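To start, the structure itself, in structure tokens.
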Amino acid sequence: MTSRWRAVAWGALGVIAVVALWELYKWAGPADGVVIGSERDGLRILPRTHDRAMPHVWVMIARLFEATSGASTPPLWLTVVGGMVTTLGIAAVGWVIGVVVGMLFALLMQRWRLAEWGLLPWIVVSQTVPLIAFAPLVSRIGSQIDRNVIPWPDWLSVAIIASYLAFFPVAVGALRGLSSPDAIHSDLMRSYGASYLQTLRQLRLPAAVPYLLPALRLAAANAVVGAVVAEVSIGMRGGLGRMLLQMAQSASADPALPWAPIFGAVVLGLVAAGSVALLGATLTKYRRGEATA
Amino acid sequence: SGTTPDTSSDSASGDFEPITDISLQLQWLPQAQFAGYYVAQEMGYFEEEGFDNVEIIPSGGDIVPQDALAAGDVDFAIAWVPKVLGTIESSGVELTDIAQVYQLSGTTQVSWADSGITSVADFEDKRIGSWGFGNEWEIFAAMAADDLDASSVSVTTQDFSMNALLDGDVDAAQAMTYNELAMVLETVNPDTGELYTMDDLDVISYEDTEGAMLQDAIWADTERLADDPAYADASVRFLKAIIKGWVYARDNPEDAASLVWDVASNAELAYPVGPTHQLWQMNEVNKLIWDGGTFGEIDSDSWDKTIAGALAAVNQDDQHLITTDPPESVYSTEYLDEAIAALQDEGVTVDGTYTPIDVTLTEGGK
Amino acid sequence: MTDSPLPTSTPAVQASGLERVFGAKDSPVHALSEINMTVGAGEFVSLIGPSGCGKSTLMRLIADLDAPTAGTLEVFGQTASAARIDQDYGIAFQQAGLLPWRTVLQNIALPLELHGVAAAERLARAKELAEMVSLSDFGGRYPDELSGGMQQRVAIARALATKPRLLLMDEPFGALDEMTRERMQTELIRIAAETGAAVVFVTHSIPEAVYLSDRVVVMSPRPGRITDVIDIPFGLDRGEGLRESPAYFERVTAVREALHGAPTARANER
Amino acid sequence: MTDSPLPTSTPAVQASGLERVFGAKDSPVHALSEINMTVGAGEFVSLIGPSGCGKSTLMRLIADLDAPTAGTLEVFGQTASAARIDQDYGIAFQQAGLLPWRTVLQNIALPLELHGVAAAERLARAKELAEMVSLSDFGGRYPDELSGGMQQRVAIARALATKPRLLLMDEPFGALDEMTRERMQTELIRIAAETGAAVVFVTHSIPEAVYLSDRVVVMSPRPGRITDVIDIPFGLDRGEGLRESPAYFERVTAVREALHGAPTARANER
Amino acid sequence: MSYVNTTERYARVAAPVVVGIALLATWWVASGIPLGRTQLIPSPVEVIASFAENFGIIAEDAFVTGGNALVGLIAGTVIAVTLAGLAVWLRPIDQMTAPLVAAIAVVPIVALTPLLNTMFGASSQFGRQIVAGVAAFVPVFINVLRGLRQARQVERDLFTAYGASGGQRFRKLTLPTAMPYLSTGIRIASSLAVISALVAEYFGGPADGLGTAIATYSKSGNSALAFAYVGASIIVGLLFFFLTVLLEQLVVKRKPR
Ligand SMILES: Nc1ncnc2c1ncn2[C@@H]1O[C@H](COP(=O)(O)OP(=O)(O)OP(=O)(O)O)[C@@H](O)[C@H]1O
Ligand SMILES: Nc1ncnc2c1ncn2[C@@H]1O[C@H](COP(=O)(O)OP(=O)(O)OP(=O)(O)O)[C@@H](O)[C@H]1O
Ligand SMILES: Cc1ncc(C[n+]2csc(CCO)c2C)c(N)n1
Ligand SMILES: [Mg+2]
Ligand SMILES: [Mg+2]
């Protein structure tokens, strides 16, 4: 218990150290940064320190409590939280889709090696396709469906794109997890004449839990990143991604503003990954193997 | 199941159900650049023309208006002419410019007063900022006219702030008179503690170069115009409504700017640039629209210049914007003429000039 | 688990001309060849032989975890596959192979659960078995809370859950230290006697084979064959004292010699 | 490795009143208590006792991998720490603990490398040792290409690399099957005799302890104490035949009884 | 000894090829689907033609993006290894970096590009290289940190028994043990670095590189060219992936245990 508090204290110190480093460098460093070579074409190895490049930390924090766009608009933090809630919701849907799809792929690949050989390389390739390239495709298909088949809200497109990043770690992690039981366990199940589903339910799924949890956590972080980037690239309103883009517009005159959604994104990612970690806490029974294995 | 328009459309033979719900795709965020459309919506001009629902869809550069229109996602789109020309040539769709809202180009290239960049010829070997995404063609067209090719400058993609200019990362930044130019003027000069002024800057306006191209126009689906009398009818009514909106914005710039700002800041999570900035923008935009001619009319000189520029421009990847003339269908005055005629019958004046007002910018445009 | 009243004279295992060849046609591995063997009902038979001689392979054939390439195999007069589906045998391996997320009782009850036995009945039977392997107090514990010997006892209880008439054990005590191992051997003899099950027991340990079995089957590798069968005439009289008796040492020596293939002493040979 | 010419009469290990208590003051675990023990130079001593009796702890104290909480310990007349730095001992554990990215020869040469022995000399010595453990043909192989028994032989060669006068071995054959184990035992006896090193050997196996040792130290747990020391009078005469001789069985029985704490036969006890 | 028979070896190659053909067929069919007045996606033929026609400039842009990714990958790896080394050496550093790494791991790093461009200059590639570096840092750091802790008790005891110095222990035990983890980390980082460098181009900086081109041409209706660039970015990503796999096989002989 005390060691946990100590870890928290050191962790807090780490955050404080970064803040201190920021302010210290801002104070000591040259306004135009440190450039190797000519001022014009050289390589700037240390950043500029003026207020537009590196606002004071307290300015960034104070900005959170000022009106978002002046006048009677809500305080910035509230706006950011609004965006976070929207994006978190979408990311959660994307996560669920990604987990389901990833699990289906993993089950397929675990059951038939031919499926593994055929699919796995393409699953790896899929992650080298730049998200932004096909994000507009998804939204265009979405609006087509919306017009001709069933209502298809913008956020669903974003969720689908987010799931594209989320499914990957699940597919790979679950495949490893489902194949993780020792031959002896599979032999046992066979000796009991257990069916595929029984083996899955009693052996493979529980055994996959220690592999699945980190994969699900990674999937959560990926879903958030995917949702944010997808919002940017398909122009969905209301979420953090769009907010990042729009607030960057004001960076010249209001440099603290664009940092707010960045902080929001960090917190959002931590919340998402943390929720999955919490989920893991309910499955401790299935993680007993980890210690002994 | 719509209400009958209270101005009967004479173009229609009446054998169609009038369209009551339409959507308009903008090419940027809600701001005074699009004041006419928001005024039309807020002042009830769309309803007067028989529309129950008009959805105005902003973009952030993320939605490409002409693509949305071609895909059938929206009924009308605002887009710059050269961008649409490019799309028409490379994808083969047909879109029609039914009203050339902006008569003049608002694009400028802004540099610091001491840097000696006062004409396009001075671009050589300089770092030139541009947003890319199709906004760069005026630059390359202007350069082509000065016999500079894209490899003679280094092009930097600007983000949505003017930091690249402020920090000297580019020698000349692309800026719209109505938006990014103001962003600079809303920033405090650390040397003086005051806002930057026009004296600090050299501004090259593309309108003064061979590169000038036509900008915000209203685009409609060509085939649909031809095949669907209801759509053609709606186009005319739509033009009538937005002309009324722009006329209002011309005559009441302050009201229009604050109306846009209200819409933008009430629209869910829109974080608009500030009210003073909107007023500046309204003022500048009016200058581009009302240059003395009739609203929305396509000036053939400007059009030809646009086409010539588009044919001449070559980008940093050696790609041309277009290589042949666009099809005939690329613009039509039919619907605008009809709308204007109808409006004139109603006593609306759709030509004239704008008397600029004085706008004093504040820090951050607040 | 089967209710069909077979005559007790039906042998538990009856193998004839059994053969198992692994791998491709061009480079076959003859794991087993010409195996003829009968294990009577209630009989305790050990398989002993050097590593790779096919002990596990033979065990897996009997359990229908693998199929022979030639020969016939009957388990209680049925095919091996039918016997497996009928749960005629229970099986245990060198590693206990307990599911770490199940408690001791849940692990013991696993085969019953898979065969749809009602929860209450399952629990009762699991408790009874835990009692039998002296683990009544540990029913709610998880495998990682048990020592290796205790885990192995759970595995044996699990193998007995369906009241099989045949126990297949592949080096079940291989991972245990010698002292625990001796205790487990004693316990196994008791359990086998109590349940009346036939046992096929794979081991590397000569003393273990001698101590436990009615018959020791000695195998040699490449291809795996049965080279000798040695009867152990101790019957049910196998207390701790047996381990220190001359008769026991004599049988140990006999098996050792059968295994090493030469009856000569090898003192001072290097 | 030390050049100081000590009289051969200096015992390899001399422990008196050795104690090791683990854990906090409020819940101490007495792993070892009152250990008095002497291992003469060149002597082969086995430690045997049930799991948790402190065999490994004692071994770790001698190796200076852990420090006693009371008592004194001398290794060749020096402190354990000085002996470790001097490389007076070689050590081997139950897991071979070979570095998977090093070949057999590189693994054997590791301790030499760490002590700055020149590459050529290292290689020569490693080859010689590989020869000694009959692995000359495998010098360039990686550990995962070897069987368990071969790996263990590499570990023993490595323990011998610095020509230590004391070998510490903690269940080095625990993970091997019985037949490989017997072969390794024979080999160890030969090597110990060849190098003249004293050996402290931890095992669970009674036959192993008897077969190998000059003396068997029997321990009991909680707190770990020495309960008995049994002399094994076979000297250097330990061929394979020994395993089948009555004298051998007699010693096995003696150790068994010392271990089980009671000299009575336990036939038919449950 | 492997029991791989020839049928299996063929199946291993054939299966992905068959799936690839199926994907190509799907693409072909999808390119025939109209989307309003346009097609949903350009057909494979158009894309390949466009790729061939513009190969020169595509390769140039691929070098820019690939170069940024490479710089980022190397820098991120070096920093990650150094920091992980410090973290295993000094526990407080481990605990201090934990929340920071957790934050970096979840933040959509590409969104930082505009801020980085302001800090380091919009006309240099540095912002993109930092983005690629940070993206690469995370998996390398996490894996190496784990790897540096994988030396087993026996091995550590052995080194103590040999009286090995701290430096010897690190060089001959801790580091080699961590190598397979390092290469796993780099393998994951490689494609991440490419994709991050590429996406960062969307957010400003010099107007070259694959990402800028994808954006430009997909927004000007020239989707065949845009997809040709997408193809190029997949190739660069795979190239990085396979290069790291190759590196792994050269440097690391053993698998993680
Ligand atoms: N699936 C398989 N494919 C190919 N060869 C196999 C397979 N399983 C076993 N073998 C080979 O068959 C022979 C017998 O193996 P088996 O496991 O039955 O030996 P064992 O007597 O149980 O050995 P151990 O005492 O080491 O457990 C060995 O040569 C082994 O390599
Ligand atoms: N680091 C430690 N901290 C606390 N207790 C320990 C530690 N190491 C050993 N012990 C305890 O000391 C006792 C002796 O352990 P040790 O490992 O020496 O036994 P052993 O005789 O080697 O057992 P085994 O035969 O299982 O190897 C055990 O009760 C063990 O739990
Ligand atoms: C991605 C992207 N970046 C910049 C623009 C530029 N732009 C087009 S219209 C307009 C008006 C001023 O706000 C501006 C800046 C764009 N369209 N898309
Ligand atoms: Mg076996
Ligand atoms: Mg021990």
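Residue numbers (our numbering), protein chains in the order written: chain S, 9 to 301; chain F, 159 to 524; chain R, 175 to 444; chain Z, 175 to 444; chain D, 6 to 262. We put the beta carbon where it would ideally sit given N, CA and C, even for glycine. Predicted model, so just to flag it, every value in this text is computed and none were measured.
For Lys199 (chain Z), count the other beta carbons within 10 Å of its own beta carbon; 16 or more makes it buried, fewer makes it exposed. Which is it? With fewer than 16 Cβ atoms within 10 Å of its Cβ, Lys199 (chain Z) is classed as exposed.
When you measure from the CB of Lys229 (chain R) to every non-hydrogen atom of ligand 1, does any distance come out below 7 Å? The closest heavy atom of ligand 1 lies less than 7 Å from the beta carbon of Lys229 (chain R).
Interface positions of the region 183-201 of chain D facing chain S (Cβ-Cβ less than 9 Å), listed along the chain: Contact annotation: in the region 183-201 of chain D, residues whose CB is within less than 9 Å of a CB in chain S are Ser196, Leu197, Val199 and Ile200.
Residue burial classification, Glu356 (chain R) (beta-carbon count within 10 angstroms, cutoff 16): Buried is the call here.
The alpha helix (DSSP H) with Arg212 (chain S) in it runs from where to where? Annotation: Arg212 (chain S) is outside any alpha helix (DSSP H) and is labelled neither H nor E by DSSP.
According to DSSP, is Asn473 (chain F) helix, strand or coil? Coil.
May I have the straight-line CA-CA distance separating Ala100 (chain S) from Gly209 (chain D), to the nearest angstrom? If you draw a straight line from the Cα of Ala100 (chain S) to the Cα of Gly209 (chain D), it comes to about 29 Å.
Quick one: list the residues of chain R neighbouring Ser171 (chain S), beta-carbon separation under 7 Å, in chain order. Within chain R, no residue comes near Ser171 (chain S); the closest Cβ sits about 29 Å away, beyond 7 Å.
If I'm right that Ala304 (chain Z) touches Ile282 (chain Z) with Cβ under 8 Å, what's the distance once you round it to whole angstroms? Indeed they touch by this definition, with Cβ atoms about 6 Å apart.
In terms of residue numbering, what span does the alpha helix (DSSP H) encompassing Trp115 (chain Z) cover? Here chain Z has residues from 175 to 444 only, and residue 115 (chain Z) is not among them.
Who are the Cβ neighbours of Gln269 (chain Z) in its own chain at under 8 Å, not counting the five residues just before and after it? If the five residues before and after Gln269 (chain Z) are omitted, its C-beta is found closer than 8 Å to the C-beta atoms of Ala349, all from its own chain and listed in chain order.
When burial is assigned at 16 or more other CB atoms within 10 Å of the CB, is Tyr203 (chain F) buried or exposed? Counting other Cβ atoms within 10 Å of its Cβ, Tyr203 (chain F) reaches 16 or more and is therefore classed as buried.
Specify, as a first and last residue, the run of the alpha helix (DSSP H) that Leu121 (chain D) falls within. Annotation for Leu121 (chain D): the continuous alpha helix (DSSP H) segment containing it runs Thr118 to Phe125.
Listing by chain order, which chain B residues have their CB less than 9 Å from the CB of Asn410 (chain F)? Here chain B cannot be found, since the structure's protein chains are S, F, R, Z and D.
Closest Cβ-Cβ distance between Pro119 (chain D) and chain F: below 8 Å? For Pro119 (chain D), at least one C-beta of chain F is nearer than 8 Å to its own C-beta.
Only counting the same chain, and skipping five residues up and downstream in sequence, which positions put a Cβ closer than 7 Å to that of Gln326 (chain R)? Contacts found: Ala270, Pro346, Phe347, Leu350 and Met358.
So for Leu182 (chain F), helix, strand or coil by DSSP? It is a strand residue.
Find the nearest neighbour of Tyr406 (chain F) within the set F:Val508, F:Thr355 and F:Pro485, judged by alpha-carbon distance. Of F:Val508, F:Thr355 and F:Pro485, the residue nearest in Cα terms is F:Val508.
Extent of the continuous beta strand (DSSP E) run through Asp405 (chain R): Segment Arg399 to Asp405, the beta strand (DSSP E) holding Asp405 (chain R).
Ser228 (chain D) beta carbon less than 8 Å from that of Ile46 (chain D): If you check the CB distance, Ile46 (chain D) and Ser228 (chain D) come in under 8 Å.
Are the CB atoms of Ala198 (chain F) and Ile400 (chain F) within a distance shorter than 8 Å? Against a cut-off of 8 Å, the Cβ pair of Ala198 (chain F) and Ile400 (chain F) comes out as a contact.
Could you tell me which of R:Ser379, R:Met393 and R:Leu362 sits nearest to Cys227 (chain R), measuring between CA atoms? Comparing C-alpha distances from Cys227 (chain R) to each of R:Ser379, R:Met393 and R:Leu362 shows the shortest one belongs to R:Met393.
Kindly list, in the order they appear in chain R, the residues whose Cβ is closer than 7 Å to that of Ala202 (chain S). Near Ala202 (chain S) (Cβ distances below 7 Å), the residues of chain R are Leu288.
Return the CA-CA distance between Val137 (chain S) and Gly244 (chain F), expressed in angstroms with no decimal places. Approximately 26 Å, taken between the alpha carbons.
Under DSSP, the alpha helix (DSSP H) around Glu382 (chain Z) begins and ends at which residues? It spans Ile380 to Leu386 - the alpha helix (DSSP H) in which Glu382 (chain Z) sits, taken as one unbroken run.
C-alpha distance - Glu455 (chain F) paired with Asp391 (chain F), whole-angstrom precision: Their Cα atoms are separated by approximately 19 Å.
Assess, as a yes-or-no matter, whether the region 200-219 of chain S is touched by the region 69-82 of chain D under the definition of 3 or more beta carbon pairs within less than 8 Å. Contact between the region 69-82 of chain D and the region 200-219 of chain S is absent: fewer than 3 CB-CB pairs across the two stretches fall below 8 Å.
Whole angstroms are fine: how far does the CA of Arg396 (chain R) sit from the CA of Phe196 (chain Z)? Approximately 51 Å, taken between the alpha carbons.
In the DSSP assignment, what residue or residues form a beta bridge with Met233 (chain R)? Beta-bridge partners assigned by DSSP to Met233 (chain R): none are found.
Identify whether Ala186 (chain Z) lies in helix, strand or coil by the three-state DSSP scheme. It is coil, neither helix nor strand.
Taking the beta strand (DSSP E) that Thr254 (chain F) belongs to, which residues open and close that run? Start and end: Leu253 to Ala257.
Beta-carbon neighbours of Ile242 (chain S), restricted to chain F and to distances below 7 Å: Using a Cβ-Cβ cut-off of 7 Å, Ile242 (chain S) is close to Asp220 of chain F, given in chain order.
Where Gly409 (chain Z) and Asp388 (chain Z) are concerned, what is the direct C-alpha to C-alpha distance, given to the nearest angstrom? Approximately 7 Å between the Cα atoms of the pair.
Can you pull the chain F residues whose beta carbon is under 7 Å from the beta carbon of Asp162 (chain S), in chain order? In chain F, no part has a C-beta under 7 Å from the C-beta of Asp162 (chain S); the shortest such distance is about 10 Å.
Using DSSP with H/G/I as helix, E/B as strand and the rest coil, what is Gly210 (chain D)? Reduced to three states, the DSSP call for Gly210 (chain D) is strand.
8 Å CB neighbourhood of Asp177 (chain Z) in its chain, flanking five on each side removed: Because the pLDDT of Asp177 (chain Z) is 46, which lies under 50, any placement of that residue in the model is unreliable, and the number read from its coordinates should be weighed accordingly. Take Asp177 (chain Z), set aside five residues on each side of it, and no residue of its chain has a beta-carbon closer than 8 Å to its own.
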